[in-house]
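Sequences listed follow chains A and B, in order. Each residue of the first sequence is one higher than the one before, starting from 438 at the first, in the working numbering. Each residue of the second sequence is one higher than the one before, starting from 438 at the first, in the working numbering.
Number of protein chains: 2
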Amino acid sequence: MNRKPDVNTKEALLTAAIRVFADKGFDAATVRDICSLAEANVAAVNYHYGGKEALYAAVLEEVFPKEEREPGSDASLPPEERLRIFLRDLAGEIYERGNEIIAQRWAIFLREMAKPSRNLDFLIRRQIQPLTDDLRAIVAEILGPDAPDSALAMSSTNIWALMLDHLLTQPIQDRLTPSRPAPTDMDALVDHVTTFALGGLLAVKAKVAPRP
Amino acid sequence: MNRKPDVNTKEALLTAAIRVFADKGFDAATVRDICSLAEANVAAVNYHYGGKEALYAAVLEEVFPKEEREPGSDASLPPEERLRIFLRDLAGEIYERGNEIIAQRWAIFLREMAKPSRNLDFLIRRQIQPLTDDLRAIVAEILGPDAPDSALAMSSTNIWALMLDHLLTQPIQDRLTPSRPAPTDMDALVDHVTTFALGGLLAVKAKVAPRP
DNA sequence: TTTTGTTTTAAACAAGCGTGTAGAACACTC
DNA sequence: GAGTGTTCTACACGCTTGTTTAAAACAAAA
Chain A
438 MNRKPDVNTK EALLTAAIRV FADKGFDAAT VRDICSLAEA NVAAVNYHYG
488 GKEALYAAVL EEVFPKEERE PGSDASLPPE ERLRIFLRDL AGEIYERGNE
538 IIAQRWAIFL REMAKPSRNL DFLIRRQIQP LTDDLRAIVA EILGPDAPDS
588 ALAMSSTNIW ALMLDHLLTQ PIQDRLTPSR PAPTDMDALV DHVTTFALGG
638 LLAVKAKVAP RP
Chain B
438 MNRKPDVNTK EALLTAAIRV FADKGFDAAT VRDICSLAEA NVAAVNYHYG
488 GKEALYAAVL EEVFPKEERE PGSDASLPPE ERLRIFLRDL AGEIYERGNE
538 IIAQRWAIFL REMAKPSRNL DFLIRRQIQP LTDDLRAIVA EILGPDAPDS
588 ALAMSSTNIW ALMLDHLLTQ PIQDRLTPSR PAPTDMDALV DHVTTFALGG
638 LLAVKAKVAP RP
């Protein structure tokens with residue numbers, strides 16, 4: 438049918454590998470799956486990348502590109518508003534439907550979290566660390582200078598959990614309450630989580646620094 | 438060395454299987470691992486249980502026993518106090534160090550959540566559903582009758598996430614802030630999460646039912 | 001055309017997997 | 001002790017895995 442003089446086998450392998458690894462995870466993915474999807478021979482992975490693990494490393498390098506982060510949202514805004522923006526952006530990324538590479542990025546991230554490999558460090562540094570740094574700064578500003586480090590750490594983790602859990606426990610939630618709100622009305626979700634998070638932060642703040 | 442006239446091979450296989458399945462998950466666990474740990478022949482699994490999957494089913498039946506639930510905490514207490522008790526109990530279960538079977542129970546639950554199999558339904562019904570039902574009742578009482586169903590569902594999920602995330606994201610948290618609070622001071626964790634959750638719930642309540 | 005280097009291919013490899021089988025070992029009743 | 005049903009063992013089967021190999025196909029320069 439269609440010859441493919443323009444597509445390079447090595448690149449075809451990479452894009453196929455991204456899809457298969459995101460779909461099934463490193464262990465369940467087989468090089469035969471990948472090569473079949475890339476319309477290449479089984480030996481191609483070894484020839485071009487040196488092995489399955491090296492191909493996976495190349496996939497991570499591709500899916501989690503090293504890019505200079507823009508500084509977190511405008512520091513002149515009140516922290517409550519910055520928290521809302523942070524949550525909206527994060528939810529937008531996680532639930533983005535159009536951009537396939539971002540969906541695959543979070544799929545791979547989830548699989549690494551469920552079964553950490555030695556690549557998890559790399560992945561955290563590239564993708565998660567900048568986000569949590571931003572979040573931590575916002576939370577610190579809301580809690581104020583009197584909040585102890587432990588409260589800051591736990592609160593940041595809590596907010597992070599509020600967003601991620603929808604991704605992690607989706608199969609469970611579907612079984613418990615099949616009539617859950619459609620994931621399409623993301624605005625309502627962001628709104629709710631923002632309200633919940635701000636309320637939680639205020640309560641924590643009131644507790645660690647009771648009125649003077 | 439030690440003969441084992443008292444231990445039954447079938448039971449030895451079961452306890453070995455619980456440990457191996459909890460450690461490595463269904464796919465990564467091999468019947469040779471299990472039989473080796475149980476000091477039994479490779480064919481023992483097929484003889485006594487009929488296969489690897491059937492053994493796994495037996496493990497689930499053992500680890501998630503069918504027991505009549507005690508009704509949720511004393512209904513006469515205020516819901517805020519019942520929430521605190523609920524969170525303390527849940528944290529106690531999750532982080533329990535002494536009771537091996539409970540640790541394995543949550544390990545298996547996590548693995549099923551990460552890679553759901555057809556057994557996830559069974560597992561949810563036996564272990565998670567009763568807990569979330571209790572939590573939902575408490576949250577409903579705190580939010581009051583005016584709260585819409587979606588707010589109730591999302592809020593319950595949020596609180597559930599607050600507790601579970603410590604289990605799920607432990608490897609990540611360790612990498613981000615290696616100096617995180619030791620998991621030993623569970624009281625502080627429960628205290629914090631309770632404060633955060635109550636604050637979040639109040640904020641949600643104030644929003645969905647503004648002052649009359 | 002010949003040469004040289006790169007890429008692709010079919011086939012095979014060794015290792016590991018779950019499972020099946022036939023016989024030995026065992027425990028127990030007559 | 002002979003018979004009988006249960007349990008255990010060594011071994012092998014068929015299959016899938018990642019990887020290797022040797023030859024074929026190809027591309028570009030001499």
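For every residue, glycine included, the Cβ atom is placed at its ideal position computed from N, Cα and C.
is_contact[residue i, chain B] using C-beta, thresh 8 Å
i              : result
residue 528(A) : no
residue 581(A) : no
residue 592(A) : yes
residue 605(A) : yes
residue 639(A) : yes
residue 565(A) : yes
residue 451(A) : no
residue 572(A) : no
residue 601(A) : yes
residue 595(A) : yes
C-beta neighbour in chain A for residue i, strict 8 Å
i              : result
residue 550(B) : yes
residue 644(B) : yes
residue 598(B) : yes
residue 632(B) : yes
residue 629(B) : yes
residue 610(B) : yes
residue 480(B) : no
residue 538(B) : no
residue 470(B) : no
residue 618(B) : Because the pLDDT of residue 618(B) is 48, which lies under 50, any placement of that residue in the model is unreliable, and the number read from its coordinates should be weighed accordingly. Output row for residue 618(B): interface = yes.
residue 464(B) : yes
residue 531(B) : no
residue 495(B) : no
residue 568(B) : no
residue 556(B) : no
residue 588(B) : yes
residue 635(B) : yes
residue 561(B) : yes
Simplified DSSP assignment, three categories, for residue i
i              : result
residue 641(B) : helix
residue 536(B) : coil
residue 511(B) : coil
residue 501(A) : coil
residue 478(B) : coil
residue 555(B) : coil
residue 662(A) : The requested residue 662(A) does not occur in the structure, where chain A is confined to residues 438 to 649.
residue 506(A) : coil
residue 583(B) : coil
residue 628(A) : helix
residue 622(A) : coil
For residue i, the first and last residue of its enclosing alpha helix (DSSP H)
i              : result
residue 646(A) : That residue, residue 646(A), is in no alpha helix (DSSP H); it is neither H nor E in DSSP.
residue 452(B) : 446-465
residue 594(A) : 586-605
residue 573(B) : 566-580
Any non-hydrogen atom of the ligand COA within 7 Å of residue i CB
i              : result
residue 593(B) : This structure lacks the ligand COA, and indeed carries no ligand of any kind.
Could you say if the stretch 597-611 of chain B and the stretch 591-601 of chain A meet the contact criterion of at least three C-beta pairs nearer than 8 Å? yes
At least 3 beta-carbon pairs within less than 8 Å: the stretch 559-576 of chain B vs the stretch 516-531 of chain B: yes
Would the stretch 546-557 of chain A count as touching the stretch 478-487 of chain A if we require 3 or more Cβ pairs under 8 Å? no
Touching by the beta-carbon criterion (3+ pairs, under 8 Å), the stretch 622-636 of chain A and the stretch 466-481 of chain B: no
Could you tell me whether the stretch 627-637 of chain B touches the stretch 587-595 of chain A, using the rule of 3 or more Cβ pairs below 8 Å? yes
Cβ pair count under 8 Å reaching 3, the stretch 551-563 of chain B against the stretch 490-497 of chain B: yes
Could you say if the stretch 635-647 of chain A and the stretch 441-461 of chain B meet the contact criterion of at least three C-beta pairs nearer than 8 Å? no
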